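Taking full-length UniProt numbering, I'd label the letters of the sequence shown as residues 1 to 254.
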Amino acid sequence: MMATSFHSLVCAQSVPCVGGIGVGAFSSIRSESASSPSSSVFGVSGPLFTPIVSSRGKCNLPRFLSKKSERSFACSASTLVDDAPTKAAVKEAPVLPFRIGHGFDLHRLEPNLPLIIGGVNIPHDRGCEAHSDGDVLYHCVVDAILGALGLPDIGQIFPDNDPKWKGCTSDVFMKEAVRRMHEAGYVVGNLDATLILQRPKLSPHKEAIRANLCELLQADPTVVNLKAKTHEKVDSLGENRSIAAHTVVLLMRK
1 MMATSFHSLV CAQSVPCVGG IGVGAFSSIR SESASSPSSS VFGVSGPLFT PIVSSRGKCN
61 LPRFLSKKSE RSFACSASTL VDDAPTKAAV KEAPVLPFRI GHGFDLHRLE PNLPLIIGGV
121 NIPHDRGCEA HSDGDVLYHC VVDAILGALG LPDIGQIFPD NDPKWKGCTS DVFMKEAVRR
181 MHEAGYVVGN LDATLILQRP KLSPHKEAIR ANLCELLQAD PTVVNLKAKT HEKVDSLGEN
241 RSIAAHTVVL LMRK
């Protein structure tokens with residue numbers, strides 16, 4: 001089928017019939033093309049409208065006038081009908097001066113496993129069950145950075161069914177996230193992380209954890225913040241059966 005070009009003026013007046021809305025029904029409009037000089041495409045008919053042909057170009061579009069009218073409108077239509085679907089142009093990601101990402105992670109705590117938080121092995125009677133080393137803070141930070149960049153999450157980039165990541169230290173994931181961040185032209189403007197666990201107390205380890213974060217993120221300590229909260233003995237977090245973390249990161253254009 002050949003493409004048919006439409007460019008016509010359609011004028012109409014409508015009558016409020018039900019709830020103030022004018023009523024009409026589409027029936028036929030006659031179009032012209034090289035292959036079908038008078039093929040029927042679509043149109044409008046109804047008791048409120050009287051069709052009067054008025055057109056420009058290659059398509060005869062009707063003008064509709066109601067016998068009783070309260071409103072009128074005019075519109076200019078220009079479109080192209082073709083067999084082949086039109087591919088939408090793929091828009092490139094905008095270059096933003098800032099990007100914000102949020103990360104969340106939670107791991108179940110089990111006996112006889114190491115508890116690794118922010119690259120620090122913290123003495124405890126249980127640790128995180130995970131495919132990698134289960135560093136809930138690093139995983140959370142990685143997801144925040146990837147989210148800010150509009151990239152897939154940590155589970156898609158480092159799937160837990162891939163033997164390559166079995167027992168892997170999570171600084172590997174951090175370095176890859178930071179590499180992608182720099183490749184996209186961004187640096188860390190500010191990072192705020194919150195750890196949620198009932199035990200153990202993190203106060204003795206917070207500065208060591210923050211130092212590790214700053215080194216991996218290549219960020220000044222003044223823009224990296226770390227907080228720790230209990231869960232007031234509520235749910236699995238408060239019963240020392242799990243550990244969670246939230247992170248918000250602000251990325252700035254280099």
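Every residue gets a Cβ at the ideal spot worked out from N, C-alpha and C, and that includes glycine.
A quick note: this is a predicted structure, and the numbers were derived from the prediction, not measured.
Skipping 5 residues on each side, what residues in its chain have a beta carbon closer than 8 Å to that of residue i?
i	result
Lys175	Leu216
Glu239	Gln198 and Lys233
Tyr186	Arg99, Ala148, Leu149, Leu251, Met252, Arg253 and Lys254
Asp220	Cys214
Looking only at its own chain, which residues have a Cβ that is under 7 Å from the Cβ of residue i, when we skip the five neighbours before and after it?
i	result
Leu151	Arg180
Asp160	His131
Between the options, which has its C-alpha nearest residue i's C-alpha?
i	options	result
Asp225	Glu239, Ser242, Leu202 and Thr194	A small correction: the amino acid at residue 225 is Asn; Asp does not occupy that position in the sequence shown. For the residues Glu239, Ser242, Leu202 and Thr194, the minimum Cα distance to Asn225 belongs to Thr194.
Pro97	Leu213, Leu149 and His124	Leu149
residue 255	Pro221, Val223, Ala130 and Glu207	No statement about residue 255 is possible, as the shown extent of the chain runs from 1 to 254 and does not include it.
Ile122	Thr230, Val249, Asp235 and Leu202	Leu202
Val178	Pro159, Ile154, Lys91 and Trp165	Ile154
Pro204	Ala228, Cys128 and Pro111	Ala228
Leu237	Lys91, Phe158 and Glu110	Glu110
For residue i, I'd like the list of residues in its chain whose CB is within less than 6 Å of its CB, leaving aside the five on either flank, ordered along the chain.
i	result
Thr169	Asp133
Thr247	Gly103, Cys140, Val141, Ala144 and Ala193
Ala245	Asp105, Val136, Leu137, Cys140 and Leu195
Lys206	Leu226
His124	Leu115 and Pro200
Leu191	Val224 and Val249
So residue i packs on residue j, CB below 8 Å; how close in whole Å?
i	j	result
His102	Ile243	Not quite, the Cβ-Cβ distance comes to about 18 Å (not below 8 Å), so this is no contact.
Val188	Val223	6 Å
Using a Cβ cut-off of 7 Å (strictly closer), state whether residue i contacts chain C.
i	result
Phe158	The structure shown contains no chain C; it is built from a single protein chain.
Task: Inter-stretch contact at 8 Å, needing at least 3 Cβ pairs: the segment 240 to 254 / the segment 176 to 187 - done: yes
Task: Given 8 Å, three or more beta-carbon pairs between the segment 196 to 216 and the segment 112 to 127 - done: yes
TODO: Counting only runs of 4+ residues fully inside the segment 137 to 205, write out the alpha helix (DSSP H) ranges in chain order.
DONE: 154 to 157 and 171 to 183
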